[in-house]
């Protein structure tokens with residue numbers, strides 16, 4: 004079982020009133036699917052026009068609906084085993100795309116660190132005197148060169 008199979012589900016009506024729920028702990032259910040008589044109807048897709056009233060099936064579809072449009076992975080047509088495989092060219096492209104993003108955002112980050120060095124160092128923006136960076140770079144150090152201005 005995965006994380007989403009035990010994830011809480013809440014079904015509400017048009018006004019936002021809770022009509023049914025699948026809580027994290029079954030004992031805490033106030034509006035169980037069995038007691039509320041929840042049914043599911045499908046419009047479109049492989050199950051078009053079908054309605055299910057079996058609480059176990061309805062819960063299963065309610066959980067799948069949490070993740071968006073529920074679908075089944077087609078394994079028969081191409082004899083797929085469900086594992087995504089890619090070529091060396093795919094990995095090369097993916098790796099370079101990741102590196103490019105790190106490179107780009109790294110330049111943005113370090114550029115901002117340089118431009119706003121006083122902000123990151125915690126220097127008061129209303130400070131009248133000019134502090135020379137690069138000599139001591141310590142806040143409050145009396146030996147840091149200053150230029151009154």
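In the numbering used here, the protein residues as written are 4 to 152.
All C-beta atoms, glycine included, are put in the ideal place defined by N, C-alpha and C.
Residues near residue i by beta carbon distance below 8 Å, same chain, minus five either side
i           : result
residue 62  : 12, 25, 36
residue 54  : 42, 43, 44, 45
residue 128 : 121, 122
residue 114 : none
residue 49  : 75
For residue i, the nearest candidate out of the options (CA to CA)
i          : options         : result
residue 51 : 73, 78, 33      : 73
residue 68 : 10, 22, 124, 18 : 10
DSSP-derived helix/strand/coil call for residue i
i           : result
residue 122 : helix
residue 2   : Given a span of 4 to 152 for the chain in the structure shown, any question on residue 2 remains unanswerable.
residue 81  : coil
residue 88  : coil
residue 27  : coil
residue 117 : helix
residue 50  : coil
residue 55  : strand
Contact with chain B by residue i, beta-carbon distance below 8 Å
i          : result
residue 71 : Absent here is chain B; the protein component of the structure consists of one chain.
Whole-number beta carbon distance between residue j and residue i, since they are thought to touch under 8 Å
i          : j          : result
residue 65 : residue 14 : 7 Å
residue 70 : residue 76 : The Cβ separation is near 13 Å, so there is no contact.
Sequence-distant residues of the same chain with beta carbon closer than 7 Å to residue i, five excluded per side
i          : result
residue 22 : 14, 15, 16, 34, 39
Is the region 85-97 touching the region 33-43 in the sense that three or more CB pairs, one from each, lie closer than 8 Å?
no
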